[in-house]
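> Here you go, one structure.
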Amino acid sequence: DAKTTQPPSMDCAEGRAANLPCNHSTISGNEYVYWYRQIHSQGPQYIIHGLKNNETNEMASLIITEDRKSSTLILPHATLRDTAVYYCIVRVRGDYKLSFGAGTTVTVRA
Amino acid sequence: DGGITQSPKYLFRKEGQNVTLSCEQNLNHDAMYWYRQDPGQGLRLIYYSQIVNDFQKGDIAEGYSVSREKKESFPLTVTSAQKNPTAFYLCASSIAWVEFMNTEAFFGQGTRLTVV
Chain A
1 DAKTTQPPSM
11 DCAEGRAANL
21 PCNHSTISGN
31 EYVYWYRQIH
41 SQGPQYIIHG
51 LKNNETNEMA
61 SLIITEDRKS
71 STLILPHATL
81 RDTAVYYCIV
91 RVRGDYKLSF
101 GAGTTVTVRA
Chain B
1001 DGGITQSPKY
1011 LFRKEGQNVT
1021 LSCEQNLNHD
1031 AMYWYRQDPG
1041 QGLRLIYYSQ
1051 IVNDFQKGDI
1061 AEGYSVSREK
1071 KESFPLTVTS
1081 AQKNPTAFYL
1091 CASSIAWVEF
1101 MNTEAFFGQG
1111 TRLTVV
């Protein structure tokens, strides 16, 4: 599996955009980038995924660099309820194994 | 409603006893997973199963056992051989990877196991 590197923590002001970086420099061409988040004491929740192109859904946007070695999750208008641990994961094609790293603890402040 | 259910939410056991955590899903998913989470840490993969009657060790399988006799069920047994069993345990499921290349995993709400 390609490993991912995320900053351990970051703060964000309520109402502002939160930009969460993730490095995955050893990613292979057929591996997808997934983002999940975990609110305290709950199960993780899927946010978004992508392969090459930028993706957007009702929760967030995912920007993947052209060389695919890094990506950024964007929460366009952070709210207090977005306070959570965010995990960036690279999924290996043909392998069911789904491994999580330490993630980034995002704290949204009023 | 479709979903993945873990029970119980809280579980207490005496040291040296085996304990089985339940995980049931009605999403018709082929793949199921068990994770362990310790305070302030990320998720660590214990076991995963791609299909009925088949499962693979994850990163921290020692002291744990699983079975996959039915598609909808993937129970985890924490044995007395697990040295530090107190933790938050999470179960997940997803559609078969090979057929659907870009599928998400759905998680249960977790079981908090305390061994005293």
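These protein sequences, in sequence, are chains A and B.
Reading the first sequence from the start, the letters are residues 1 to 110 in our numbering.
Reading the second sequence from the start, the letters are residues 1001 to 1116 in our numbering.
C-beta: ideal position from N, C-alpha, C; glycine also.
1. Using 10 angstroms around the beta-carbon of Arg68 (chain A), count the other beta-carbons present and answer buried if the total reaches 16, otherwise exposed.
2. Give me the DSSP bridge partner(s) of Gln1024 (chain B).
3. Is Asp82 (chain A) helix, strand or coil by DSSP?
4. By Cβ distance, which residues of its chain are closer than 7 Å to Pro1085 (chain B), with the 5 residues on each side in sequence left out?
5. Determine the direct distance from the alpha carbon of Cys88 (chain A) to that of Asn54 (chain A), and round the result to whole angstroms.
6. Compare the beta carbon distance of Pro7 (chain A) and Thr104 (chain A) with 9 Å and say whether it is the shorter of the two.
7. Please list the partners that Leu1090 (chain B) has in chain A, where partner means a Cβ-to-Cβ separation under 8 Å.
8. With C-beta atoms as the reference, is Ala13 (chain A) less than 9 Å away from Ala78 (chain A)?
9. Does any residue of chain A bring its CB to less than 9 Å from the CB of Phe1074 (chain B)?
10. Beta strand (DSSP E) containing Gly43 (chain A): first to last residue?
11. Would a C-beta distance cut-off of 9 Å place Thr65 (chain A) and Leu20 (chain A) closer than the cut-off?
12. Can you give me the C-alpha to C-alpha distance between Trp35 (chain A) and Phe1012 (chain B), rounded to a whole angstrom?
13. I want to see whether chain B comes within less than 9 Å of His24 (chain A), judged by CB atoms only; does it?
14. Does any residue of chain A have a CB that is nearer than 9 Å to the CB of Arg1068 (chain B)?
15. Can you check whether the CB of Leu1076 (chain B) is closer than 9 Å to the CB of Leu1021 (chain B)?
16. Going along chain A in order, which residues have a C-beta closer than 9 Å to the C-beta of Phe1107 (chain B)?
17. Which residues mark the beginning and the end of the beta strand (DSSP E) in which Val1052 (chain B) is found?
18. Going straight from the alpha carbon of His1117 (chain B) to that of Val1052 (chain B), what length do you get?
19. Using a cut-off of 9 Å between C-beta atoms, extract the partners of Leu1113 (chain B) located in chain A.
20. Please report whether the beta-carbon of Glu1024 (chain B) lies at a distance below 9 Å from any beta-carbon of chain A.
21. Taking 8 Å as the limit between beta carbons, can you name the residues of its chain near Glu1069 (chain B), skipping five residues before and five after?
22. What do you get for Ile39 (chain A), buried or exposed, if any count of 16 or more other CB atoms within 10 angstroms of its CB means buried?
23. Using the three-state DSSP reduction, which class does Leu1043 (chain B) fall into: helix, strand or coil?
A quick look at the data gives this:
1. buried
2. Looking at the sequence provided, one finds Glu at residue 1024 (chain B) rather than Gln. Answer is B:Thr1005, B:Ser1073.
3. helix
4. Val1078, Leu1113, Val1115
5. 15 Å
6. yes
7. Gly43, Pro44
8. yes
9. no
10. Per DSSP, Gly43 (chain A) belongs to no beta strand (DSSP E) and is neither H nor E.
11. no
12. 33 Å
13. no
14. no
15. yes
16. Tyr36, Gln38, Gln42, Gly43, Pro44, Gln45, Tyr46
17. Here Val1052 (chain B) belongs to no beta strand (DSSP E), and DSSP marks it neither H nor E.
18. Because residue 1117 (chain B) is not part of the residues shown, which for chain B are 1001 to 1116, the question remains open.
19. What Leu1113 (chain B) touches in chain A: nothing, since even the nearest Cβ is about 14 Å away.
20. no
21. Val1052, Asn1053
22. exposed
23. strand
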